[in-house]
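Enquirer: Chains as they are written, first to last, in my numbering: chain A, 1 to 238; chain B, 1001 to 1170.
Every residue, glycine too, gets a C-beta built ideally from N, C-alpha and C.
Just so we're clear, the structure is a prediction, and the values are computed from it rather than from any experiment.
Once you've had a glance at the structure underneath, I'll fire off some questions.
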Amino acid sequence: MSMVFAPCLTETAAPTTHAEPAWSPYDNNGGTCVAIAGEDYCVIAADTRMSTGFSILTRNYSKIHQITEKSVLASSGFQADIRALQKNLDARHQIYQHQHNKQMSCPAMAQLLSNTLYYKRFFPYYAFNVLGGLDNEGRGCVYSYDAVGSYERSGYSSQGTGMQLIMPVLDNQLKSASPLVLPLQKSTTPLSEFEAVDLVKDTFASAAERDIYTGDAVEIVIINREGVRRELMDLKRD
Amino acid sequence: MEIDEHIGCAMSGLTADARTLVEHGRVETQNHRFSYNEPMSVESTTQALCDLALRFGEGDEESMSRPFGVSLLIAGHDDNGPCLYHTDPSGTFWQCNAKAIGSGSEGADTALQEHYDLNMTLEEAETLALSTLKQVMEEKVTSSNVDIAKVAPTYHLYTPQEVEAVIQRL
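Okay, here's the thing in structure tokens:
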């Protein structure tokens, strides 16, 4: 899959289109990411398949990156851009630690990620991000982004090629009141950590059935009060 | 003057110079809120002001050829609770529980040292501050020649009525 910039045609007489570019700076390496926020935990998961076009590049690539003690970034899209974005955020976090003598909180990292993405508004990072972690009160938080930094905190989210298969299932299982309803309701799910991890495994197994870019294995990262732990579950390899 | 919702400062010396520092502090704290969606810590704000004091200003054109001739007392409230910092033209800063700056500062500092207690209430602190000021001021303390501000936990400059109320308690 290659992303092509299409011109916007405003005139009605003899519209001109410029020739299809022979080369695109972007590529989509596929894959899906999911995150679910709980009362005192956060689950972030992504499959480990990296592809290009109809081929698989590797079955064992991690899309998940831990930036701070309490925030984990999962991104699907163009992995080269994603790697550059991760390094950028790491550097910014180090500087923050030196200047302010503390780690960045997850909401602070969420804002930083948004600004970093918007900074490249006119040549975006081809990255579809989900940031998960614990906020200052220890509650789970999930932030999902578009390619240019628009973001929203929610109770759960998914991004990537399998997003449209997974999101409706999460909506059905985890839906909470809209953040626009007053008084503001908590968006974290009442599910236990174990149940949330189980739900994630089920959704990935389902997505891997129909989405050709999702499969091989799913890496699941769980952050809670005690720290960070990882699980790996195999998926269909076809 | 207010630097951010949770930080205020008092100045002594060439107060015209102080305005540049306060403006810089305001810009820095707002930049921080923009980048990180959180209030900037008081120590970091103080550090930012001291960085400016050290460089005699910023950039090629706006930088001065002399130090900022002003000491500041930065008072604020952040994750570590309420705190107070004292800066001087060299760009050094110290954290204090109580401090006086200005022409009458020596006498005032001694008075503060005697009467300050870590567990004071806000009212006791108001009274202490104003009575210390009264000791070193030549004129009588009135609501029109004294300003009081507090950060508890947000910045608030007292109205003349509120100042009058504190004066009554002296």
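Using the beta-carbon of each residue, which ones in chain B are nearer than 7 Å to A:Gln111?
Expert: Here the neighbours are Ser1035, Tyr1036 and Asn1037.
Enquirer: Which class does A:Ala84 belong to by DSSP, given the choice of helix, strand or coil?
Expert: Looking at A:Ala84 - three-state DSSP - the assignment turns out to be helix.
Enquirer: Are at least three pairs of beta-carbons, each pair with one atom in the segment 170–179 of chain A and one in the segment 151–162 of chain A, less than 8 Å apart?
Expert: Contact between the segment 170–179 of chain A and the segment 151–162 of chain A is present, because at least three Cβ pairs lie under 8 Å.
Enquirer: Per the DSSP calculation, A:Ala74 is bridged to which residue(s)?
Expert: DSSP, once it has assigned bridges, lists A:Ile64 and A:Val130 as partnering A:Ala74.
Enquirer: In its own chain, which residues sit with a C-beta less than 6 Å from the C-beta of A:Ala127, not counting the 5 before and 5 after it?
Expert: So the list reads Ser75, Gly77, Asp81, Ile82 and Leu85, once near-sequence residues are dropped.
Enquirer: Three-state secondary structure (DSSP) at A:Thr189?
Expert: It is a strand residue.
Enquirer: Which same chain residues, not among the five before or five after B:Ala1108, have their C-beta less than 6 Å away from its C-beta?
Expert: Contacts found: Ala1100, Thr1132 and Val1136.
Enquirer: Taking the alpha carbon of A:Lys175 as the point to measure from, which residue in A:Leu165, A:Ala207 and A:Ser187 has its own alpha carbon closest?
Expert: The candidate whose alpha carbon is nearest that of A:Lys175 is A:Ser187.
Enquirer: In chain A, which residues lie less than 7 Å from B:Ser1041 when you measure between Cβ atoms?
Expert: Those within 7 Å of B:Ser1041 in chain A are His100.
Enquirer: Would B:Gly1247 and B:Leu1054 qualify as a contact pair, given that the criterion is a beta-carbon distance under 8 Å?
Expert: No answer is possible for residue 1247 of chain B: the residues shown for chain B start at 1001 and end at 1170.
Enquirer: Listing by chain order, which chain B residues have their CB less than 7 Å from the CB of A:Ser105?
Expert: By Cβ distance, chain B contributes Glu1038.
Enquirer: Can you name the residues of chain A whose CB is closer than 7 Å to the CB of B:Ser1044?
Expert: Within 7 Å Cβ-Cβ: Gln99 and His100.
Enquirer: Do A:Thr48 and A:Arg59 have their C-beta atoms within less than 8 Å of each other?
Expert: Cβ distance < 8 Å, so A:Thr48 and A:Arg59 count as in contact.
Enquirer: Have a look at A:Ala45 and A:Ile220 and give me their C-alpha separation to the nearest angstrom.
Expert: For A:Ala45 and A:Ile220, the distance between alpha carbons rounds to 4 Å.
Enquirer: From which residue to which residue does the beta strand (DSSP E) around B:Pro1082 run?
Expert: Unbroken beta strand (DSSP E) run through B:Pro1082: Gly1081 to Thr1087.
Enquirer: Assuming contact is defined by CB atoms lying nearer than 8 Å, are A:Val43 and A:Ala147 in contact in what I supplied?
Expert: No, Cβ-Cβ distance for A:Val43 and A:Ala147 is not below 8 Å.
Enquirer: Among B:Gly1069, B:Leu1084, B:Ser1012 and B:Thr1015, whose alpha-carbon lies nearest the alpha-carbon of B:Thr1045?
Expert: When each option's Cα is compared against that of B:Thr1045, the closest is B:Leu1084.
Enquirer: Quick one: which unbroken alpha helix (DSSP H) runs of 4-plus residues sit fully inside the segment 173–225 of chain A? Chain order, please.
Expert: Here the runs fully enclosed are 193–210.
Enquirer: Nearest to B:Thr1020 by CA position, among B:Pro1039, B:Arg1033 and B:Leu1052, is which residue?
Expert: Checked all of B:Pro1039, B:Arg1033 and B:Leu1052; the closest Cα to B:Thr1020 is B:Leu1052.
Enquirer: Would you call the segment 1061–1080 of chain B and the segment 1151–1158 of chain B in contact, with 3 or more CB pairs under 8 Å?
Expert: Touching, yes, given that three or more Cβ pairs across the two stretches are closer than 8 Å.
Enquirer: Leaving aside the five residues before and after B:Met1064 along the sequence, list all residues of the same chain whose C-beta is less than 7 Å from its C-beta, in chain order.
Expert: Correct list, in chain order: Phe1056 and Gly1057.
Enquirer: Are there 16 or more other CB atoms within 10 angstroms of the CB of A:Ala91, so buried, or fewer, so exposed?
Expert: Counting Cβ neighbours within 10 Å, A:Ala91 comes out exposed, since fewer than 16 surround it.
Enquirer: Is there a C-beta anywhere in chain B that falls below 8 Å from the one on A:Ala108?
Expert: So, interface residue.
Enquirer: With the cut-off set at 8 Å, would you say A:Glu193 and A:Ile212 are in Cβ contact?
Expert: No.
Enquirer: List, in order along the chain, the chain C residues whose C-beta lies closer than 8 Å to that of A:Asn115?
Expert: The structure shown has no chain C; the protein chains it does contain are A and B.
Enquirer: Report yes if the CB atom of A:Thr203 is closer than 8 Å to the CB atom of A:Leu170, and no otherwise.
Expert: Contact flag set, yes.
Enquirer: Excluding the 5 residues flanking A:Ala208 on each side, which residues of the same chain have their C-beta closer than 6 Å to its C-beta?
Expert: Taken in chain order, the residues that qualify are Thr214, Gly215, Leu235 and Lys236.
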